[in-house]
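*Asks:*
4 protein chains.
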Amino acid sequence: MALSGVLRPGHVAIRVLEMEPALKHYVQVIGLQETARDAQGRVFLKAWDEHDHHSVVLREADEAGMDYMGWKVDSPATLKRLAAQVEASGLCSDFAWIPAGEHPATGERFRFTIPTGHVMELYAEREVIGNCCGTDGPDVNPTPWPDGLTGIAPSRFDHCLLYGDDLDGTVKLFTEVLGFGMAEQVMAGPDGKLMIGAFLSCSNKAHDVAFIRQPVKNKFHHASFILGSWEQVLRAGDILSRHKTSIDIGPTRHGITRGETIYFFDPSGNRNEVFSGGYIYYPDKPVITWTDNELGAAIFYHDRKINEAFLSVFT
Amino acid sequence: MALSGVLRPGHVAIRVLEMEPALKHYVQVIGLQETARDAQGRVFLKAWDEHDHHSVVLREADEAGMDYMGWKVDSPATLKRLAAQVEASGLCSDFAWIPAGEHPATGERFRFTIPTGHVMELYAEREVIGNCCGTDGPDVNPTPWPDGLTGIAPSRFDHCLLYGDDLDGTVKLFTEVLGFGMAEQVMAGPDGKLMIGAFLSCSNKAHDVAFIRQPVKNKFHHASFILGSWEQVLRAGDILSRHKTSIDIGPTRHGITRGETIYFFDPSGNRNEVFSGGYIYYPDKPVITWTDNELGAAIFYHDRKINEAFLSVFT
Amino acid sequence: MALSGVLRPGHVAIRVLEMEPALKHYVQVIGLQETARDAQGRVFLKAWDEHDHHSVVLREADEAGMDYMGWKVDSPATLKRLAAQVEASGLCSDFAWIPAGEHPATGERFRFTIPTGHVMELYAEREVIGNCCGTDGPDVNPTPWPDGLTGIAPSRFDHCLLYGDDLDGTVKLFTEVLGFGMAEQVMAGPDGKLMIGAFLSCSNKAHDVAFIRQPVKNKFHHASFILGSWEQVLRAGDILSRHKTSIDIGPTRHGITRGETIYFFDPSGNRNEVFSGGYIYYPDKPVITWTDNELGAAIFYHDRKINEAFLSVFT
Amino acid sequence: MALSGVLRPGHVAIRVLEMEPALKHYVQVIGLQETARDAQGRVFLKAWDEHDHHSVVLREADEAGMDYMGWKVDSPATLKRLAAQVEASGLCSDFAWIPAGEHPATGERFRFTIPTGHVMELYAEREVIGNCCGTDGPDVNPTPWPDGLTGIAPSRFDHCLLYGDDLDGTVKLFTEVLGFGMAEQVMAGPDGKLMIGAFLSCSNKAHDVAFIRQPVKNKFHHASFILGSWEQVLRAGDILSRHKTSIDIGPTRHGITRGETIYFFDPSGNRNEVFSGGYIYYPDKPVITWTDNELGAAIFYHDRKINEAFLSVFT
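So this is what it looks like as structure tokens:
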């Protein structure tokens, strides 16, 4: 009860063109911590306030983009139940069980492809590592933040925004099978009945994943990491500029979710976000609807217009 | 799934010695909005980002303190189920069903007394009112915050901190019957095995209710409202001083929950808090433990000592 | 001694195409206070933390832009002395003494045209009005900010950025005759010897006026108002969007001066800025130099590129 | 013109009981940078945004306190002129010329004792060192803040607050001889005519030095360093607590100057402050007066009462 079922976005697996500059970006600029490398050369990373072993997986590949996104569920029993329900839903394909240990410190994962073409995973077990939470010892008398942080230093991996075609199918899967709530939606079309954006939450966060309807399959718009304040968004902008990181837009505010944001690109062209703010979502909260004539303000509340790159640049 | 069962602290009913100065405090200084008065003279209030009809109930009485705290659950079926489980738990007493309409715009409530002597309620239905969330219309194309806010203007009622004797019983009730997680605990005693503080969450918030072991029954330490930033905590302090409101302590940071806080008193002597910050809690997060030799830092992280009033002043 | 001579930018006189929407913008959106209107229909405004009678003058005209900028000097004797020195410098033209009272509550002003074609004024006397500085009474036991502020509510008019051709002459005037220091300069040309931007200070502020070399005379880039924090810059962006005010760029940071900024337009197309931050300037501080290959970062530090409008849109 | 005469507080010389813990405090906790040690064992320090060689001098001694405070003036000619005027004023004693080089990288200093018993110095020359201002090279294309800062990292030494008996004499000296303005005053006594506090500015800052009337000579209340935001004051509190530094009071706001502050002690018991905010002072700004019945709010605006230590603890 309370929080159960799907708990959170547990990992995002990102393809990068070269590992070395990617690590410089994710470790020195963003400030994630490397926790493991495996025989394939994959690098596993976590943010400072995450207790689990990793939340970001980098893999060298010929093309940038997202391999898959993983969701932590509350127990092995829930994993079995949700896997069965996903299979039974008729909405997904390419089911697979990935054995425990394929990700370090992680139990078995159930993998499937959703209607928008993205690969998702569910898993129930991942080791808690180290002296998390900036504690003096293992979770005893912690300091509010750890000493020695580097770079932007977000506290957690937060969500992804993904582009795909069958938005209806994916929304049906997340809301009817996986238990997510719809926090906000963007509606278009002659009668305002065509959903073109869905912001979905399995928590009190304004979104844990979001999808935009685009005539593509399996595209990755951005992976987002959370900061503690708007001042940290400014500081992020300063750090990005110091490293001559390519900034897409921001600092600014989103209309959707109210988040305070800056978008930028990793060296392979994958978009990242760091953001702060937003509201406390509850499943009984009325859905917020944005109409397409206000799409600009929905996405970037200050400018009230979408920059060219928002819709055209993804990996 | 996701968020289910007990969703949130839905209301706190506070006794005030005189209604007029109390309203000046809760409406003009804190910035809550009056949504109803009833025949008994009770006044119902909400914060600007709450969609439900009310979250604070004020009642004139000879003695200050808290009458009861109410919890919104996800459905009438859950209300029935949890009511039965509370009754069956053997931990509570004084069960009662309060009929729908006794609170305006609210369905029936199940009332019971918990081991620390506090009266709690569960309810499943409350009307959503007005153009909530600062929207231009009903939840369409909202602004990030509404125009015309007054006073401190927290976005939501957030939690209560309560004092009582049978902490073990109350913790057992909240964790084993009501589905809460223990985010942080304070341990004392010769071997560190005596729990003297419990910070409990039914959400991603670091706490939805907290209890401190004290040799009393049914005492009220504070009701807390959430702000969006540490700068708003400063502004709250300025507004409190302008109105010559009695400040207990702050602005400062809590070690427990990491929250940035200011404590103050309503004209009847009930303590209020406005705060910002904290972390994202998950039920699989390791419990944070504070030892009693670090109790000062746990409560007020900067001073590292508890002010006299923290333990001795309550209603 | 200490601060003497030219004290500060005392007023900016702006032409607007229609007074009513201009006042809605400067009063309701920016949050200036109207302090007088005169027989010509000019409207005089001040910001909340200014003690002088006015700092902004609006005049209805067929063309937007700046009529003139006025500088408060420390005494009538200094006014006489600086007027004589300006005349004697051989750098200026169109000298005139404007009689006391032509601006309400203001003594006589010495007017002249500087090498970049802008009209400047010096004056020594302006009445202090009202209960300034948020005080309970006339400057006794003040609150840190006044109750009842509306709109963005900057505390002061801060500086102007102006475009013109004879940058060398104007810089010579301000530094050699009027006693300003050069805080920062932008250098271009084949050998980096051509100054294209000058940021000039008569105070501890990073700039009180700035000039950019452009092949025009007497052009107005923006008038700027100061805020207390980066969070207030965010709030400004929110208020501008709520009122559908046209935003030019921001929130972002300037490389030059380190200021945190948002640019926007009044209904007549005059650019305004609200900003926070910057450093404490001293006349013995080494001049900061920006090279033209880093001009993007100099102007907008995060994007590292100048938006099209920065150079092409002015009034 | 503009800023001339006495420019700023250039250095404060503090006595510490043991150098090693003092350096741990001033370097690791506060985040000053050591720039020199001399044969006497004195250590010279500067803050990151100061261009001069040093601003803090630590000396090991049997008793904590302030040896002297030094003021940078605009030129050797001004130094001679002000030295003569101080001598001629009849207000000071113990005149001495300290030869160039007695402080590293510093010209000759004129030393004298003021009516409250404090030792002050004037000097005109100090070398600019290093790549100041976070620049990539010597003041070319700087970043807004340097990489690799440690501790609280204030940008500058800002002011001192001093306790002494002959407040009238000291105020006369600073305002009539040294060219300071009175920004704020605290008045007490039966008819409100006894000045008990004076906040004096030689700049646009709300204070460069302040004096409180107390029946003592030559006492040191605190040396203060400036931060860029209220969020940095919170972060300072966190860092102080992490290092178990003794905090006196704060974070809170001063009524006087509006500054946002935290007071703490170095290991020798000398009080330090870091603060942000305040307003832009001008010499023609009306003096703000605080009456002694509002002294609490004047000092600590939120609590509206002075903590015991404010008046009784000094070195």
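Chains S, F, W and E supply the protein sequences, listed in that same order.
Each residue of the first sequence is one higher than the one before, counting from 1 in UniProt numbering.
Each residue of the second sequence is one higher than the one before, counting from 1 in UniProt numbering.
Each residue of the third sequence is one higher than the one before, counting from 1 in UniProt numbering.
Each residue of the fourth sequence is one higher than the one before, counting from 1 in UniProt numbering.
Note that CB positions come from ideal geometry on N, CA and C, so glycine has one too.
Quantities reported herein were computed from a predicted structural model and do not represent experimental measurements.
1) Output the boundary residues of the beta strand (DSSP E) element that contains Lys285/S.
2) For chain W, is any of its Cβ atoms less than 7 angstroms away from the one on Leu234/E?
3) What are the uninterrupted segments assigned as alpha helix (DSSP H) that are 4 or more residues long and contained completely in the UniProt domain "VOC" (156 to 277) of chain F, given in chain order?
4) How would you label Trp97/S, buried or exposed, when you count the other beta carbons within 10 angstroms and need 16 or more for buried?
5) By how many angstroms is the C-alpha of Asp147/F removed from the C-alpha of Asp94/F?
6) From the DSSP output, in three-state form, read off residue 316/F for me.
7) Got a sec: is the Cβ-Cβ distance from Glu231/W to anything in chain F below 7 angstroms?
8) Roughly how many angstroms separate the alpha carbons of Phe180/E and Ser89/E, rounded to a whole number?
9) Measuring alpha carbon to alpha carbon, tell me which of Leu162/S, Phe225/S and Ala124/S ends up nearest residue 341/S.
10) If we call anything under 7 angstroms between Cβ atoms a contact, is Leu58/F one with Val73/F?
11) Return the residue from the list Gly10/F, Asn293/F and Phe275/F that minimises the CA-CA distance to Pro154/F.
12) Taking 7 angstroms as the threshold (beta carbon to beta carbon), is Asp52/W in contact with chain S?
13) Please classify Tyr26/W: does DSSP put it in a helix, a strand, or coil?
14) Can Tyr123/W and Gly107/W be called in contact, C-beta distance under 7 angstroms?
15) Given Phe265/F, which residues of its chain have a CB within under 6 angstroms of its CB, disregarding the five upstream and five downstream residues?
16) Can you give me the C-alpha to C-alpha distance between Cys92/W and His103/W, rounded to a whole angstrom?
17) Let me check one thing: in DSSP terms, what residues is Phe314/E bridge-paired to?
18) Taking 7 angstroms as the CB-CB limit, is Ser224/W close to chain S?
19) Would you kindly report the start and end of the unbroken alpha helix (DSSP H) that includes Thr113/E?
20) For a contact meaning CB atoms closer than 8 angstroms, what does Trp145/F contact in chain W?
21) Are Glu260/E and Trp230/E closer than 7 angstroms when you measure CB to CB?
22) Using a Cβ-based criterion (distance less than 6 angstroms to any ligand heavy atom), does Phe220/S qualify as near the ligand MG?
23) Give a yes or no on whether 7 angstroms exceeds the smallest Cβ distance from Gly41/E to chain W.
24) Establish whether the CB of Arg242/F and some CB of chain W are separated by less than 7 angstroms.
25) Would you give the residue range spanned by the alpha helix (DSSP H) that Ser93/E belongs to?
26) Relative to the C-alpha of Leu178/W, which candidate in Gln185/W, Arg213/W, Trp71/W and Ile196/W has its C-alpha closest?
27) To the nearest angstrom, report how far apart Ala22/W and Gln85/E are at their CA atoms.
28) Taking 7 angstroms as the threshold (beta carbon to beta carbon), is Val86/W in contact with chain E?
29) For Val171/W, collect the residues of the same chain with a Cβ closer than 6 angstroms to its Cβ; drop the 5 residues on either side in sequence, then sort them by chain order.
30) Can you list the residues of chain F that Gly107/S reaches, using a CB-CB cut of under 9 angstroms?
31) Considering just the uninterrupted stretch of the beta strand (DSSP E) at Gln33/F, what are its terminal residues?
32) With a 10 Å radius around its C-beta and 16 neighbouring C-beta atoms as the bar for buried, classify Asp52/W as buried or exposed.
33) Can you tell me whether Val287/F is buried or exposed? The criterion is at least 16 other CB atoms within 10 Å of its CB, across all chains shown.
34) What's the gap between the Cα of Leu234/W and the Cα of Gly5/W?
35) Pull up the CB-CB distance for Ala2/F and Pro190/S, whole angstroms please, since I reckon it's below 8 angstroms.
36) With 8 angstroms as the C-beta to C-beta threshold (strictly closer), list the residues of the UniProt domain "VOC" (156 to 277) of chain W near chain E in chain order.
*Replies:* Judging by the given coordinates:
1) Taking the first sequence and counting its residues from 1, one reaches residue 285/S at position 285. That residue, Lys285/S, is in no beta strand (DSSP E); it is neither H nor E in DSSP.
2) In the fourth sequence, residue 234/E corresponds to position 234, counting from 1. By this cut-off, Leu234/E is not an interface position.
3) Fully enclosed alpha helix (DSSP H) runs of 4 or longer: 167 to 172 and 230 to 242.
4) Taking the first residue of the first sequence as position 1, residue 97/S is located at position 97. Exposed.
5) Mapped onto the second sequence, residue 94/F falls at position 94. Mapped onto the second sequence, residue 147/F falls at position 147. The straight-line gap from Cα to Cα measures roughly 44 angstroms.
6) Residue numbering for chain F in the displayed model covers 1 to 315; residue 316/F lies beyond these limits and cannot be assessed.
7) In the third sequence, the residue the question calls residue 231/W occupies position 231. Judged by the 7 angstroms Cβ criterion, Glu231/W is in contact with chain F.
8) Translated into positions along the fourth sequence, residue 180/E becomes position 180. Translated into positions along the fourth sequence, residue 89/E becomes position 89. If you take the alpha carbons of Phe180/E and Ser89/E, they lie about 15 angstroms apart.
9) This structure cannot settle anything about residue 341/S, because the visible part of chain S is limited to 1 through 315.
10) Mapped onto the second sequence, residue 58/F falls at position 58. Mapped onto the second sequence, residue 73/F falls at position 73. No; because the gap between Cβ atoms is not below 7 angstroms, this pair is not in contact.
11) Counting from one through the second sequence, the residue named residue 154/F turns up at place 154. Comparing Cα positions, the closest option is Phe275/F.
12) Within the third sequence, the letter at position 52 stands for residue 52/W. Asp52/W does not count as touching chain S.
13) Position 26 of the third sequence holds residue 26/W. Residue state, collapsed to three classes: helix.
14) For the purposes of this step, residue 123/W is taken as residue 123 along the third sequence, with counting starting at 1. For the purposes of this step, residue 107/W is taken as residue 107 along the third sequence, with counting starting at 1. Cβ distance < 7 angstroms, so Tyr123/W and Gly107/W count as in contact.
15) Within the second sequence, the letter at position 265 stands for residue 265/F. Cβ within range, chain order: Ser246 and Arg271.
16) Counting from one through the third sequence, the residue named residue 92/W turns up at place 92. Counting from one through the third sequence, the residue named residue 103/W turns up at place 103. Each residue's alpha carbon lies about 23 angstroms from the other.
17) Looking up residue 314/E in the fourth sequence gives position 314. Bridge partners of Phe314/E: none, in fact.
18) Your numbering for residue 224/W matches position 224 in the third sequence. With 7 angstroms as the cut-off, Ser224/W does not count as an interface residue toward chain S.
19) Position 113 of the fourth sequence, counted from the start, is the residue given in the question as residue 113/E. No alpha helix (DSSP H) holds Thr113/E; the beta strand (DSSP E) holding it covers Arg109 to Thr113.
20) Looking up residue 145/F in the second sequence gives position 145. Those within 8 angstroms of Trp145/F in chain W are Asp238.
21) Looking up residue 260/E in the fourth sequence gives position 260. Looking up residue 230/E in the fourth sequence gives position 230. The answer is yes: Cβ separation under 7 angstroms.
22) The ligand MG is not part of the structure shown, which contains no ligands of any sort.
23) One-based indexing of the fourth sequence puts residue 41/E at position 41. Output row for Gly41/E: interface = no.
24) Against the second sequence, residue 242/F aligns to sequence position 242. In terms of beta-carbon proximity, Arg242/F lines the interface with chain W, with at least one pair separated by less than 7 angstroms.
25) Taking the fourth sequence and counting its residues from 1, the one referred to as residue 93/E is at position 93. Where Ser93/E is concerned, there is no enclosing alpha helix (DSSP H), although the beta strand (DSSP E) around it starts and stops at Ser93 to Ile98.
26) Within the third sequence, residue 178/W is the residue found at index 178, counting from 1. Ranked by how close their Cα comes to the Cα of Leu178/W, the residues Gln185/W, Arg213/W, Trp71/W and Ile196/W have Trp71/W in first place.
27) Within the third sequence, the letter at position 22 stands for residue 22/W. Within the fourth sequence, the letter at position 85 stands for residue 85/E. Taking the straight line from one Cα to the other gives about 52 angstroms.
28) On the third sequence, position 86 is the one that residue 86/W refers to. So, not an interface residue.
29) On the third sequence, residue 171/W is found 171 positions in, with the first residue counted as 1. Around Val171/W: Ala198.
30) Within the first sequence, residue 107/S is the residue found at index 107, counting from 1. Chain F residues near Gly107/S: none, gap ~12 angstroms exceeds 9 angstroms.
31) Translated into the one-based positions of the second sequence, residue 33/F becomes position 33. Segment Gln33 to Arg37, the beta strand (DSSP E) holding Gln33/F.
32) As a position in the third sequence, residue 52/W is number 52, starting the count at 1. Buried is the call here.
33) Looking up residue 287/F in the second sequence gives position 287. Exposed, since its Cβ has fewer than 16 Cβ neighbours within 10 Å.
34) By one-based count along the third sequence, residue 234/W stands at place 234. By one-based count along the third sequence, residue 5/W stands at place 5. Rounded to the nearest angstrom, the two C-alpha atoms are 36 angstroms apart.
35) Taking the first residue of the second sequence as 1, we reach residue 2/F at position 2. Taking the first residue of the first sequence as 1, we reach residue 190/S at position 190. Ala2/F to Pro190/S, Cβ: 33 angstroms. No contact.
36) From the UniProt domain "VOC" (156 to 277) of chain W, only Arg156, Leu178, Gly179, Phe180, Gly181, Ser201, Cys202, Ser203, Asn204, Lys205, Ile226, Gly228, Ser229, Trp230, Arg253, Gly255, Arg258 and Gly277 have a Cβ closer than 8 angstroms to chain E.
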